[in-house]
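Engineer:
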């Protein structure tokens, strides 16, 4: 491949990634229900990463509950559960670490099979914690049916999206009253946000 | 310039922009005080856009109050105020529109001079509304001392950053109790976020 062609491909790829972030940022400001936001993220990621599976789990006490996916049947949403530490996904939540496996993910000693998901037919697995206010509040997984070595850019992307979903979760629960307070400058000032400010 | 060199420059520029977004996303998840977040955004933007001025105004009732800037003296923070509709900045808030002026911004009929700021010596002006939950809650401005035609990419960037600051404002005011609720799956379910979910 010529140098020009190679650079053009890289440029087009990174432009797509930038648009992905802009779309997610736009989701965050629109008054979109959380469920719809999560499904949009799954769709955007499947399209961008050309992966076969994308699943978002959210934490409920000591469990991780499946909340959005491009492959799970509707019955799995809210019902497929893992405990923290269980399976590859539970490992990511427990250790708060990115996990990247390029082949035979189903042979990993941490792997756990679910009847409702076809995860045992996927070779490659990339998973990042969903972080809100510095705490793990969920996990986002991506899987490729074929062997796939995840690039540093792909890892970085999923990490950032894990952070953005964390922000979405927080934003989703703000009620109108809290919102009014949030937008009051006096509140910000009295909270010391601006007080004593100097540079 | 050779085609290869041109592509390399564009690639390096867009990679920088991507890193800028990743850094801002990271600011949002860390438990950083809002004031520090706003100052970090100003710094990141000044570095990336190579602009001479960057100012963030937040809305308080019918006013816009200066909250962070690379050029305003400390005394201006919390004190420089505009009413919605006043000056170029007030116009952006009132009309909820991006404003881009490449030269002689100080001659614009909407321009308003402040003693504490040197805005009247800047040629170029780019300004975007800060949006939270679909409402204008502030304005972010960027200025170049010399004539500068803002690119579509630069306009898109400031628009997205205006949205991200909006999210930061909302997140900054969540108290610990609200946070606990937010992270409870039961809350999400009872709010109908996941209930009746099918695809």
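Protein chains in written order, with my numbering: chain A, 1 to 199; chain B, 1001 to 1199.
Positions of the beta carbon are idealized from the N, C-alpha and C atoms, including for glycine.
The model shown is predicted, which means the values in this text are computed figures rather than measured ones.
Under 7 Å Cβ-Cβ, which residues of chain A neighbour residue 1134 of chain B?
Structural biologist: Position 134 of the second chain holds residue 1134 of chain B. Ordered by position in chain A, the residues that pass the 7 Å Cβ test against residue 1134 of chain B are 29, 30 and 31.
Engineer: Hey, quick one: how far does the alpha helix (DSSP H) through residue 161 of chain A stretch, first residue to last?
Structural biologist: Walking along the first chain from the start, residue 161 of chain A turns up at place 161. Start and end: 152 to 172.
Engineer: Could you confirm whether any beta carbon from chain B is found closer than 8 Å to the beta carbon of residue 8 of chain A?
Structural biologist: Here residue 8 of chain A refers to the residue found at position 8 when the first chain is read from its first residue. So, interface residue.
Engineer: Quick check: the Cα distance between residue 129 of chain A and residue 64 of chain A, rounded to an integer number of angstroms?
Structural biologist: As a position in the first chain, residue 129 of chain A is number 129, starting the count at 1. As a position in the first chain, residue 64 of chain A is number 64, starting the count at 1. C-alpha separation (whole angstroms): 11 Å.
Engineer: If the cut-off is 8 Å on Cβ atoms, which residues from the segment 1149 to 1177 of chain B count as contacting chain A, listed in chain order?
Structural biologist: 1156, 1160, 1163, 1164, 1166, 1167, 1169, 1170, 1171, 1172, 1173 and 1174
Engineer: Could you tell me which uninterrupted beta strand (DSSP E) segments, each at least 3 residues in length, are contained entirely in the segment 1111 to 1142 of chain B, listed from first to last along the chain?
Structural biologist: 1124 to 1132
Engineer: Going by beta carbon distance, what residues of the same chain come within less than 8 Å of residue 1102 of chain B, once the five residues before and after it are set aside?
Structural biologist: Position 102 of the second chain, counting from 1, holds the residue named residue 1102 of chain B. Closer than 8 Å at the Cβ level, and outside the excluded window around residue 1102 of chain B, lie 1123, 1124, 1147, 1148, 1149 and 1150.
Engineer: With the cut-off set at 8 Å, would you say residue 1009 of chain B and residue 7 of chain A are in Cβ contact?
Structural biologist: Position 9 of the second chain holds residue 1009 of chain B. Position 7 of the first chain holds residue 7 of chain A. No, the Cβ-Cβ distance between residue 1009 of chain B and residue 7 of chain A is not below 8 Å.
Engineer: With a threshold of 8 Å between beta carbons, is residue 1004 of chain B in contact with chain A?
Structural biologist: Start at 1 with the first residue of the second chain, and residue 1004 of chain B comes out as number 4. Cβ-Cβ to chain A under 8 Å: yes for residue 1004 of chain B.
Engineer: Given 8 Å as the limit, is there contact between the segment 161 to 168 of chain A and the segment 138 to 147 of chain A, that is, 3 or more CB pairs closer than that?
Structural biologist: yes
Engineer: Quick check on this structure: which residue in A:38, A:36 and A:47 has the alpha carbon closest to the alpha carbon of residue 19 of chain A?
Structural biologist: For the purposes of this step, residue 19 of chain A is taken as residue 19 along the first chain, with counting starting at 1. The shortest Cα separation from residue 19 of chain A among A:38, A:36 and A:47 belongs to A:47.
Engineer: Taking just the CA atoms, how far does residue 81 of chain A sit from residue 111 of chain A?
Structural biologist: To locate residue 111 of chain A, count along the first chain from 1; it is residue 111. To locate residue 81 of chain A, count along the first chain from 1; it is residue 81. Computed Cα separation, rounded: 14 Å.
Engineer: Contact defined as beta carbons within less than 8 Å: I believe residue 75 of chain A pairs with residue 54 of chain A. What is the distance between those atoms, to the nearest angstrom?
Structural biologist: Reading the first chain from its first residue, position 75 is the one you call residue 75 of chain A. Reading the first chain from its first residue, position 54 is the one you call residue 54 of chain A. That belief does not hold up - the Cβ atoms of residue 75 of chain A and residue 54 of chain A are roughly 18 Å apart, past 8 Å.
Engineer: Rounded to whole angstroms, what's the CA-CA distance from residue 1057 of chain B to residue 153 of chain A? Just pull it up for me.
Structural biologist: The sequence position of residue 1057 of chain B within the second chain is 57, counting from 1. The sequence position of residue 153 of chain A within the first chain is 153, counting from 1. About 34 Å.
Engineer: When the Cα atoms are used, what is the spatial distance from residue 177 of chain A to residue 105 of chain A?
Structural biologist: Counting from 1 along the first chain, the entry for residue 177 of chain A is found at position 177. Counting from 1 along the first chain, the entry for residue 105 of chain A is found at position 105. Here the model assigns residue 177 of chain A a pLDDT of 46, short of 50, so the residue's position is not dependable, and the following value carries that caveat. If you take the alpha carbons of residue 177 of chain A and residue 105 of chain A, they lie about 46 Å apart.
Engineer: Leaving aside the five residues before and after residue 144 of chain A along the sequence, list all residues of the same chain whose C-beta is less than 7 Å from its C-beta, in chain order.
Structural biologist: What you label residue 144 of chain A is simply residue 144 of the first chain in a count that begins at 1. Same-chain partners within the cutoff: 51, 52, 122, 123 and 124.
Engineer: State yes or no: is the C-beta of residue 1168 of chain B within less than 8 Å of the C-beta of residue 1028 of chain B?
Structural biologist: One-based indexing of the second chain puts residue 1168 of chain B at position 168. One-based indexing of the second chain puts residue 1028 of chain B at position 28. Contact: yes.
Engineer: Using three-state DSSP, classify residue 62 of chain A as helix, strand or coil.
Structural biologist: The residue given as residue 62 of chain A occupies position 62 in the first chain. DSSP places residue 62 of chain A in coil when its eight states are reduced to three.
Engineer: What do you get for residue 1059 of chain B, buried or exposed, if any count of 16 or more other CB atoms within 10 angstroms of its CB means buried?
Structural biologist: For the purposes of this step, residue 1059 of chain B is identified with residue 59 of the second chain, where counting begins at 1. Residue 1059 of chain B is buried by the Cβ-count criterion.
Engineer: Quick one: is residue 1025 of chain B near chain A, going by C-beta distance under 8 Å?
Structural biologist: Stepping through the second chain from its first residue, residue 1025 of chain B is reached at position 25. Judged by the 8 Å Cβ criterion, residue 1025 of chain B is in contact with chain A.
Engineer: Going by C-alpha distance, which of B:1109, B:1089, B:1098 and B:1134 is nearest residue 1158 of chain B?
Structural biologist: Along the second chain, one-based indexing puts residue 1158 of chain B at 158. Considering only alpha carbons, the answer is B:1098.
Engineer: Between residue 45 of chain A and residue 1073 of chain B, what straight-line distance do the alpha-carbon atoms span, to the nearest angstrom?
Structural biologist: Taking the first chain and counting its residues from 1, one reaches residue 45 of chain A at position 45. Taking the second chain and counting its residues from 1, one reaches residue 1073 of chain B at position 73. So the two alpha carbons sit approximately 44 Å from each other.
Engineer: Should residue 1004 of chain B be labelled buried (16 or more other beta-carbon atoms within 10 Å of its own) or exposed?
Structural biologist: Within the second chain, the letter at position 4 stands for residue 1004 of chain B. The residue in question, residue 1004 of chain B, is exposed, as its Cβ has fewer than 16 Cβ neighbours within 10 Å.
Engineer: Return the residue from the list B:1166, B:1023, B:1038 and B:1172 that minimises the CA-CA distance to residue 1132 of chain B.
Structural biologist: For the purposes of this step, residue 1132 of chain B is identified with residue 132 of the second chain, where counting begins at 1. Of the listed residues, the one whose Cα sits closest to residue 1132 of chain B is B:1166.
Engineer: I'd like to know whether the C-beta of residue 21 of chain A is nearer than 8 Å to at least one C-beta of chain B.
Structural biologist: Mapped onto the first chain, residue 21 of chain A falls at position 21. Yes, residue 21 of chain A counts as interfacial toward chain B.
Engineer: Taking only the alpha-carbon atoms, compute the straight-line gap between residue 100 of chain A and residue 87 of chain A and give it to the nearest angstrom.
Structural biologist: Here residue 100 of chain A refers to the residue found at position 100 of the first chain. Here residue 87 of chain A refers to the residue found at position 87 of the first chain. One C-alpha to the other measures close to 14 Å.
Engineer: Quick check on residue 72 of chain A: does DSSP put it in helix, strand or coil?
Structural biologist: For the purposes of this step, residue 72 of chain A is taken as residue 72 along the first chain, with counting starting at 1. Here residue 72 of chain A sits in coil by DSSP.
Engineer: Along the beta strand (DSSP E) that carries residue 102 of chain A, what are the first and last residues, could you check?
Structural biologist: Along the first chain, read from residue 1 onward, the residue named residue 102 of chain A stands at position 102. Run containing residue 102 of chain A: none; DSSP gives neither H nor E here.
Engineer: With DSSP as the reference, identify every bridge partner of residue 1144 of chain B, one or two as the case may be.
Structural biologist: Residue numbering aside, residue 1144 of chain B sits at position 144 when the second chain is read from its first letter. Paired residue(s): B:1124.
Engineer: Is it buried or exposed for residue 16 of chain A, if we count other Cβ within 10 angstroms and need 16 for buried?
Structural biologist: As a working note, residue 16 of chain A is residue 16 in the first chain. Exposed, since its Cβ has fewer than 16 Cβ neighbours within 10 Å.
Engineer: Just the chain B side, please: which residues come within less than 7 Å of residue 49 of chain A by C-beta, in chain order?
Structural biologist: As a position in the first chain, residue 49 of chain A is number 49, starting the count at 1. Ordered by position in chain B, no residue passes the 7 Å Cβ test against residue 49 of chain A, which lies about 16 Å from the chain.
Engineer: Do you know offhand how far residue 171 of chain A's Cα is from residue 36 of chain A's?
Structural biologist: Reading the first chain from its first residue, position 171 is the one you call residue 171 of chain A. Reading the first chain from its first residue, position 36 is the one you call residue 36 of chain A. Rounded to whole angstroms, residue 171 of chain A to residue 36 of chain A spans 14 Å at the Cα level.
Engineer: With DSSP collapsed to three states, give me the class of residue 30 of chain A.
Structural biologist: Taking the first residue of the first chain as position 1, residue 30 of chain A is located at position 30. DSSP places residue 30 of chain A in coil when its eight states are reduced to three.
Engineer: When burial is assigned at 16 or more other CB atoms within 10 Å of the CB, is residue 1031 of chain B buried or exposed?
Structural biologist: For the purposes of this step, residue 1031 of chain B is taken as residue 31 along the second chain, with counting starting at 1. Residue 1031 of chain B should be labelled exposed.
Engineer: Is it buried or exposed, residue 1083 of chain B, if we count other Cβ atoms within 10 angstroms and call 16 or more buried?
Structural biologist: On the second chain, residue 1083 of chain B is found 83 positions in, with the first residue counted as 1. Result: exposed.
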